[in-house]
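Visitor: Just passing along the structure, written as structure tokens.
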Amino acid sequence: MNAKPGHPIQGPAVWTSDDLTRNDDWIWKLSADELAEIDCAVQHARSLGKPVLWIDREEFPLPSFSQRLRRMSDEMENGRGFVLLRGLPPSYSREEMEFAYWGIGTHLGVAVTQGGRGELLGLVQDEGGTSATKTTIRNYKTSLRIRVHADRADWVSLLCVRKAKSGGASLVVSAATVHNAILARRPDLIDVFYNDVYHSRQGDQAPGEAPAHPKPMFGFRDGYFTGQFSPGYIRTAQEFPEVPRLTPRQTEAVEVFVTLAHELAFSMNFEPGDMQFLNNHLTYHSRTAFEDHPETGRKRLLLRLWLAPPNSRPLPKGYELLWGSIEPGVVRGGVPSKYGWRDIYGMRAHEEGRLTHRSII
352 MNAKPGHPIQ GPAVWTSDDL TRNDDWIWKL SADELAEIDC AVQHARSLGK PVLWIDREEF
412 PLPSFSQRLR RMSDEMENGR GFVLLRGLPP SYSREEMEFA YWGIGTHLGV AVTQGGRGEL
472 LGLVQDEGGT SATKTTIRNY KTSLRIRVHA DRADWVSLLC VRKAKSGGAS LVVSAATVHN
532 AILARRPDLI DVFYNDVYHS RQGDQAPGEA PAHPKPMFGF RDGYFTGQFS PGYIRTAQEF
592 PEVPRLTPRQ TEAVEVFVTL AHELAFSMNF EPGDMQFLNN HLTYHSRTAF EDHPETGRKR
652 LLLRLWLAPP NSRPLPKGYE LLWGSIEPGV VRGGVPSKYG WRDIYGMRAH EEGRLTHRSI
712 I
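Residue numbers 352 to 712, in this note's numbering, belong to the letters of the sequence shown in order.
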């Protein structure tokens, strides 16, 4: 990828909805041999009698399929930044789905926590909320439309266990394509994206820490681009009196971004067994509202992983606060748990700050 401020980004990460419609090579279908290997690993991992979160890469052997997963990792970081892995058997039980998904994830990166609950294998489902708040209810726990955003992890992945009665389409857009569209259509605003704007920390800050922080919406380092940010967090930051008010140009820039992101987005529907992987530096995602089935056992359910891969990119200065490190290839990102690593893993011998990629490289 060729990326530097003030210039169009070039490379495979620049793609459009039409590109994905014309060419479906972003869908990686699991072969019969790969499915057999995954199933063997699932049954082996279950036979160990451990909770799914205790399973590591060595306990989920994928001798052949792991080679394809390495190619997928390269596509995620140096290609489109977007892959749909299709074909896990819908006939799998919920437990088998969890073991298969977690096990595949161990070959791609280290799972990081997704919020104060300490979720490593998150559940994306409607918990009956009628609105989202910045501290207690997240949109992914409702049936509401989710606005365009990027998550606080290098990669985000979703596995469809059950789909909704209707709606719930996934929308994905290239961050580099949005950047280039802004540069082409509103070059007078591009500098706003390269400079600091305050973002809410959504109640995830530690006691005594500021509830919002400044960082640019677009960043560059060593030729690598990151577009990781969420417009909603900029709006929420304005609720705090100590945060500087948005200037008219900043307000307009955010509005232009949202308009272009939705205009350029690609819409797709999940089928049970589909696994979507997104690089949060290279893509944004959102979701349409959905109507669920009334029966509990048929309600829409997705599993979610936030992953820190060993081939991640360097990040610009200013990202240290939320990411922990801006250096490439380290375990970083995620939302701090209120419970700590030991409670998350059920007394497993992990301590905060000691997770590494030693079992992946």
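Quick reminder that beta carbons are idealized off the backbone N, C-alpha and C, glycines included.
Closest to N620 by C-alpha separation, out of E614, H564 and L653, would be which residue?
Guide: Mapped onto the sequence shown, residue 620 falls at position 269. For the residues E614, H564 and L653, the minimum Cα distance to N620 belongs to L653.
Visitor: Check for me: the beta strand (DSSP E) holding S676 runs from which residue to which?
Guide: In the sequence shown, the residue the question calls residue 676 occupies position 325. Looking at the DSSP string, S676 is not in any beta strand (DSSP E), and its letter there is neither H nor E.
Visitor: Among A527, V393 and I541, which residue has its Cα nearest to the Cα of V607?
Guide: Position 256 of the sequence shown, counted from the start, is the residue given in the question as residue 607. When each option's Cα is compared against that of V607, the closest is I541.
Visitor: For the putative contact between V499 and S637, defined by C-beta atoms under 8 Å, what is the C-beta separation to the nearest angstrom?
Guide: Along the sequence shown, read from residue 1 onward, the residue named residue 499 stands at position 148. Along the sequence shown, read from residue 1 onward, the residue named residue 637 stands at position 286. Yes, they are in contact, since the Cβ atoms of V499 and S637 sit about 4 Å apart, within 8 Å.
Visitor: If we ignore side chains and look at the alpha-carbon of each, how far apart do F416 and N630 end up?
Guide: By 1-based counting over the sequence shown, the position of residue 416 is 65. By 1-based counting over the sequence shown, the position of residue 630 is 279. Rounded to whole angstroms, F416 to N630 spans 21 Å at the Cα level.
Visitor: Going by Cα to Cα distance, which pick from Q476, P441, R503 and V507 is closest to Y496?
Guide: Start at 1 with the first residue of the sequence shown, and residue 496 comes out as number 145. In the sequence on display, residue 496 carries Arg and not Tyr. If we check each option's Cα against that of R496, Q476 comes out closest.
Visitor: Look up R437 in the DSSP assignment and say whether it is helix, strand or coil.
Guide: Locating residue 437 in the sequence shown gives position 86, where the first residue counts as 1. It is a strand residue.
Visitor: Tell me, please, which residues DSSP counts as bridged to E646.
Guide: Translated into the one-based positions of the sequence shown, residue 646 becomes position 295. Note: E646 sits in no beta bridge, so no partner.
Visitor: What does the Cβ neighbour count give for F591, buried or exposed, with the cut at 16 atoms within 10 Å?
Guide: Stepping through the sequence shown from its first residue, residue 591 is reached at position 240. Exposed: under 16 other Cβ atoms inside 10 Å.
Visitor: So, do the stretch 676-691 and the stretch 458-470 have three or more beta carbon pairs nearer to each other than 8 Å?
Guide: At 8 Å Cβ cutoff, the stretches touch.
Visitor: Looking only at its own chain, which residues have a Cβ that is under 8 Å from the Cβ of W674, when we skip the five neighbours before and after it?
Guide: Walking along the sequence shown from the start, residue 674 turns up at place 323. The answer, listed in chain order, is R503, L666, R683 and G684.
Visitor: Excluding the five sequence neighbours on either side, which residues of its own chain have a C-beta within less than 6 Å of the C-beta of A532, listed in chain order?
Guide: What you label residue 532 is simply residue 181 of the sequence shown in a count that begins at 1. Once the five neighbours on either side are set aside, the close Cβ partners of A532 are L611.
Visitor: How long is the line joining the alpha carbons of A387 and E446, rounded to whole angstroms?
Guide: Numbered from its first residue, the sequence shown carries residue 387 at position 36. Numbered from its first residue, the sequence shown carries residue 446 at position 95. Each residue's Cα considered, the two are about 17 Å apart.
Visitor: For the candidate residues G583, R437, L615 and Q601, whose alpha-carbon lies nearest to that of S525?
Guide: For the purposes of this step, residue 525 is taken as residue 174 along the sequence shown, with counting starting at 1. Of G583, R437, L615 and Q601, the residue nearest in Cα terms is L615.
Visitor: Who are the near neighbours of N429 in its chain, counting only those whose CB is closer than 6 Å to its CB and skipping five residues on each side?
Guide: Position 78 of the sequence shown, counted from the start, is the residue given in the question as residue 429. There are no such residues.
Visitor: What are the start and end residues of each continuous beta strand (DSSP E) run of 3 or more residues lying completely inside the stretch 452-478, in chain order?
Guide: Taking only runs of at least 3 residues, the beta strand (DSSP E) segments lying wholly in the stretch 452-478 are 473-475.
Visitor: Quick check on E426: buried or exposed, where buried means 16 or more other Cβ atoms within 10 Å of its Cβ?
Guide: As a first step, residue 426 must be located in the sequence shown, where it is residue number 75. Flag for E426 reads buried.
Visitor: Going by alpha carbons, who is nearest to F569 out of H632, R373, G518 and E409?
Guide: Taking the sequence shown and counting its residues from 1, one reaches residue 569 at position 218. The option with the nearest alpha carbon to F569 is H632.
Visitor: Can you find the residues in the same chain that come closer than 7 Å, C-beta to C-beta, to E470, ignoring five residues on each side of it along the sequence?
Guide: Along the sequence shown, read from residue 1 onward, the residue named residue 470 stands at position 119. Closer than 7 Å at the Cβ level, and outside the excluded window around E470, lie T464.
Visitor: Taking 8 Å as the threshold (C-beta atoms), are G357 and D547 in contact?
Guide: Position 196 of the sequence shown holds residue 547. Position 6 of the sequence shown holds residue 357. No.
Visitor: Please state the DSSP three-state secondary structure of L597.
Guide: Along the sequence shown, read from residue 1 onward, the residue named residue 597 stands at position 246. DSSP places L597 in coil when its eight states are reduced to three.
Visitor: Would you say the stretch 548-562 touches the stretch 506-515, given that touching needs at least three Cβ pairs under 8 Å?
Guide: no
Visitor: Below 8 Å on the Cβ atoms is my guess for V543 versus Q601; work out the distance and round it to an integer in Å.
Guide: Against the sequence shown, residue 543 aligns to sequence position 192. Against the sequence shown, residue 601 aligns to sequence position 250. That pair is a contact at about 6 Å.
Visitor: Assuming contact is defined by CB atoms lying nearer than 8 Å, are Y545 and P567 in contact in what I supplied?
Guide: One-based indexing of the sequence shown puts residue 545 at position 194. One-based indexing of the sequence shown puts residue 567 at position 216. Yes, the pair counts as a contact, with Cβ atoms nearer than the cut-off.
Visitor: Relative to the C-alpha of A520, which residue among S368, E385, F641 and S382 is closest?
Guide: Numbered from its first residue, the sequence shown carries residue 520 at position 169. Comparing alpha carbon positions, the residue from S368, E385, F641 and S382 closest to A520 is F641.
Visitor: Near T367, what residues of its chain come up, given a Cβ to Cβ distance below 7 Å and the 5 sequence neighbours on each side ignored?
Guide: What you label residue 367 is simply residue 16 of the sequence shown in a count that begins at 1. T528 and L615, listed in sequence order.
Visitor: For L399, which residues from the same chain have a beta carbon less than 8 Å from its beta carbon, with the 5 sequence-adjacent residues on both sides left out?
Guide: Working through the sequence shown from its first residue, we reach residue 399 at position 48. Contacts found: I406 and E410.
Visitor: Going by beta carbon distance, what residues of the same chain come within less than 7 Å of R537, once the five residues before and after it are set aside?
Guide: Numbered from 1 along the sequence shown, position 186 holds the residue referred to as residue 537. Closer than 7 Å at Cβ, skipping near neighbours: V607.
Visitor: Please list, in chain order, all residues of the same chain as I378 whose beta carbon is under 7 Å from its beta carbon, the five residues on each side excluded.
Guide: In the sequence shown, residue 378 corresponds to position 27, counting from 1. The residues are L435 and R437.
Visitor: Is the closest heavy atom of the ligand ADP to the C-beta of T610 under 7 Å?
Guide: Only the bare structure without any ligand can be found here, which leaves the ligand ADP out of the picture.
Visitor: For the beta strand (DSSP E) holding I378, just list the boundary residues, first then last.
Guide: Residue 378 sits at position 27 when you count from the first residue of the sequence shown. That run of the beta strand (DSSP E) goes I378 to K380.
Visitor: What first and last residue would you give for the alpha helix (DSSP H) that runs through I585?
Guide: What you label residue 585 is simply residue 234 of the sequence shown in a count that begins at 1. Its alpha helix (DSSP H) spans residues P582 to A588.
Visitor: Here's the rule I'm using: 16 or more other beta-carbon atoms within 10 Å means buried, otherwise exposed. How should D505 be labelled?
Guide: To locate residue 505, count along the sequence shown from 1; it is residue 154. Buried, by the Cβ-count rule.
Visitor: Please decide whether A616 counts as near chain D, where near means a Cβ-Cβ distance under 8 Å.
Guide: As a matter of chain content, chain D is missing from the structure shown, which is built from one protein chain.
Visitor: Roughly how many whole angstroms lie between the Cα atoms of S581 and E622?
Guide: Position 230 of the sequence shown, counted from the first residue, corresponds to residue 581. Position 271 of the sequence shown, counted from the first residue, corresponds to residue 622. Roughly 27 Å separates the two Cα atoms.
Visitor: In the DSSP output, which residue or residues are listed as bridge partners for R655?
Guide: The residue labelled residue 655 in the question sits at position 304 within the sequence shown. Bridge partners of R655: G473 and L509.
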